[in-house]
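Here the structure comes first, spelled out in structure tokens, and everything after it is commentary.
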Amino acid sequence: MSETTHDSAVAMSAPPSSDEGLTPAQRAQKYGLSQSGARPSLPAYVRQLWDRRHFISAFASAKLTAQYSQAKLGQVWQVATPLLNAAVYYLIFGVLIGTSRGVPDFVPFLVTGVFIFTFTQSSVMAGTRAISGNLGLVRALHFPRACLPISFCLMQLQQLLFSMGVLVIILLGFGQIPTWSWLLALPALALQFLFNTGLAMVMARLGAKTPDLAQLMPFIMRTWMYASGVMFSIDLILKGKHVPQFVEVLLNANPAAVYIDLMRFALIDSFTSAKLPPHVWAFAGGWALLMGVVGFVYFWKAEERYGRG
């Protein structure tokens, strides 16, 4: 009886806990706790991506190597695929439809357009599946999810660089002499890579929420290709036709067409500055900056939701 009374007295005299009356959020703040999987601030997110730059590069290289590992020709398909596409387009558009008329150096013109548009097309398609196609990796490991679309775009850039070696051989074979203007291909590719990465991030977020989007994208990309002057000259097609002014503006400001025109201007002697839309470098830089920033922020805002549900 006396022990019970003593214990009750001790319990009644004990000071109240300092956590009483605190909300869960206040307790977490008091003890320095943070929500698991919470979205970091934008500067912190950029730092995390920079810290994982070696992972991004290694992942892109591994994916590129594994892409054709089951094919007997292996990495040859990196070059053979766009070349076969160019051959088909030449037969249909250049020979049968006759879009080669009035276009000097049509084969270099066509192959350059196919290779450069394929870079954007493949980046967008890979970005659409970047999250939805890698849910096991997303759910198993903690890392900035932007690593995935960036890695896939870097993979497509590496693949394009392989193709550029063949493009140079084609250019030389059709009488194009290397000049200082060829160096303009480097900033053009850098701007296109930034644009592709931003667009891939937008598509990665949309594809993570709606996986069926990946089935629709080939039709969208094919329509975009036909509007980008890959197989024909936009100027020649519009010449003598009474189209609304805004249609002509949209075709010339089309980002895919802008980057294709820049590469043609850099590599093909007969594609002079007179064939470029006005302020084409401003268009190229503006599209790259706009899509790069908007795509990155748009993707980051859903960081904590990827791989859940």
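If you want the working numbering, it's the position in the sequence shown, counting the first as 1, plus 21. Glycine residues also receive a C-beta, built at the ideal position from the N, C-alpha and C atoms.
The DSSP-derived three-state label of glycine 219 is helix. Within the stretch 257–322, the complete alpha helix (DSSP H) segments of 4 residues or longer fall at 266–274, 276–288 and 301–321, listed in chain order.
Excluding sequence positions up to five before and after lysine 296, its CB lies within less than 7 Å of the CB of Asp256, all in the same chain and listed in chain order.
Membership of valine 128 in the alpha helix (DSSP H) is indicated by the continuous run 127–149.
In the three-state DSSP reduction, proline 170 falls in the helix class (H, G or I).
Nearest to isoleucine 289 by alpha-carbon distance, out of Pro199, Leu169 and Gly148, is Pro199. As summarised for the stretch 163–212, the continuous alpha helix (DSSP H) elements at least 4 residues long and confined to that stretch are 168–194, given in chain order. Each of Gly261, Val270 and Met222 was checked against the Cα of glycine 148, and the nearest Cα belongs to Met222. Between proline 170 and alanine 81, the C-beta gap is not smaller than 7 Å, which leaves the two residues out of contact. By the C-beta criterion, the stretch 172–183 is judged not to be in contact with the stretch 107–122, since fewer than 3 inter-stretch pairs fall below 8 Å. Taking the CA atoms as reference points, serine 78 sits about 45 Å from lysine 260. For isoleucine 113, there is no enclosing alpha helix (DSSP H), as DSSP gives it neither H nor E. When Lys262, Pro208 and Phe240 are compared, the shortest CA-CA separation from alanine 305 is found for Pro208.
Contact between serine 294 and alanine 277 is ruled out by a C-beta separation of about 20 Å, above the 8 Å threshold. Take glycine 157, set aside five residues on each side of it, and no residue of its chain has a beta-carbon closer than 8 Å to its own.
For aspartate 233, the three-state secondary structure derived from DSSP is coil.
Within the stretch 57–106, the runs of alpha helix (DSSP H) that reach at least 4 residues and sit entirely inside it are, in chain order, 63–72 and 74–88.
In the displayed model, glycine 228 falls within a helix according to three-state DSSP. Here the alpha carbon of glycine 154 sits roughly 31 Å from the alpha carbon of leucine 188.
Excluding sequence positions up to five before and after phenylalanine 138, its CB lies within less than 7 Å of the CB of Met246, Ser249, Val251, Ala277 and Ile281, all in the same chain and listed in chain order. Here DSSP, grouped into helix, strand and coil, assigns glycine 154 to helix. Comparing alpha-carbon positions, the option among Leu178, Leu237 and Pro165 lying closest to valine 318 turns out to be Pro165. Taking all protein chains in view, the Cβ of proline 299 is surrounded by fewer than 16 other Cβ atoms within 10 Å, so the residue is classified as exposed.
The residue among Leu175, Leu271 and Leu210 with its C-alpha nearest the C-alpha of histidine 75 is Leu175. If you draw a straight line from the Cα of valine 124 to the Cα of valine 97, it comes to about 30 Å.
Between phenylalanine 214 and asparagine 106, the alpha-carbon positions lie close to 22 Å from each other. Apart from sequence neighbours up to five positions away, the residues of its chain that approach phenylalanine 253 with a beta-carbon distance below 6 Å are Thr120, ordered along the chain.
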